[in-house]
Amino acid sequence: MKAQETIERELNDIASLLLPVVGQYLLLPGVSVAEIVGFLPPEDRGANAPDWFLGYVEWRKLKVPVISFEVMNGQPLPEAHENNRIAVLNNTGQSKSLPFFAIVTQATPRLMRISESEIDEINSAQLNKFENMRVRVQEEEATIPAFVEMEKALIRFLGL
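Mind the numbering: the sequence shown is residues 21 to 180 in our numbering, read in order.
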């Protein structure tokens with residue numbers, strides 16, 4: 021019976037990633053992340069771009085727009101360093117013209133399997149514009165980003 025319980029628990033767990041950004045982790049379901057790649061400085065930012073738009077990186081022969089989660093939420097732009105990674109994210113269906121976008125992480129994200137019962141909302145947390153919720157999961161505090169709103173802001177800026 022113990023094997024059956026283990027199988028049932030694993031089926032109910034959600035593969036997730038903790039993405040380190042400055043001062044916090046972002047918690048994303050694994051299916052929202054297409055790939056984590058080494059850091060390449062984004063290019064072609066443009067003269068009139070908002071501060072949070074960092075430019076584009078080439079990924080699998082596609083030009084993927086890169087944003088700064090920190091700057092979108094009123095924080096300064098972090099300095100680039102050797103531990104940075106690019107998290108290429110699948111879109112949420114807001115625009116077929118934007119299949120992927122990316123954010124810069126401060127280090128390699130951490131994979132974890134979590135169940136709904138392991139996530140506790142931190143009700144006292146002050147949320148920024150592009151944050152949906154702060155949670156505690158497996159003894160870590162993390163932010164669930166306002167993924168759809170981030171994507172919509174990028175779509176508006178890019179005119180898609």
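Every residue gets a Cβ at the ideal spot worked out from N, C-alpha and C, and that includes glycine.
Here's the rule: buried if 16 or more other CB atoms are within 10 angstroms of the residue's CB, otherwise exposed. What is residue i?
i, result
"V53", "buried"
"E151", "buried"
"V51", "exposed"
"A162", "buried"
"Q44", "buried"
Return the Cβ separation of residue i and residue j in integer angstroms, given the expectation that the two are a contact with Cβ distance under 8 Å.
i, j, result
"P129", "L37", "5 Å"
"T125", "L60", "Actually they are not in contact, since the Cβ atoms of T125 and L60 sit about 13 Å apart, beyond 8 Å."
"I87", "V57", "That pair is no contact at about 15 Å."
"V84", "F121", "6 Å"
On a CA-only basis, which of the options is nearest residue i? Give me that one, please.
i, options, result
"E160", "E169, L131, R176", "L131"
"M170", "I139, L97, E55, E90", "E90"
"M92", "L74, H101, E99, I106", "L74"
"L97", "V42, M153, G179", "V42"
"I123", "R133, A100, S135", "A100"
Between the alpha carbons of residue i and residue j, how many angstroms are there, rounded?
i, j, result
"F167", "E63", "23 Å"
"L109", "I142", "25 Å"
"N111", "K172", "10 Å"
Given residue i, which residues of its chain have a CB within under 7 Å of its CB, disregarding the five upstream and five downstream residues?
i, result
"I175", "Q114, S115, L118"
"E138", "V157, Q158"
"V16", "Lying outside 21 to 180, the shown extent of the chain, residue 16 is not represented and no answer is given."
"G94", "N148"
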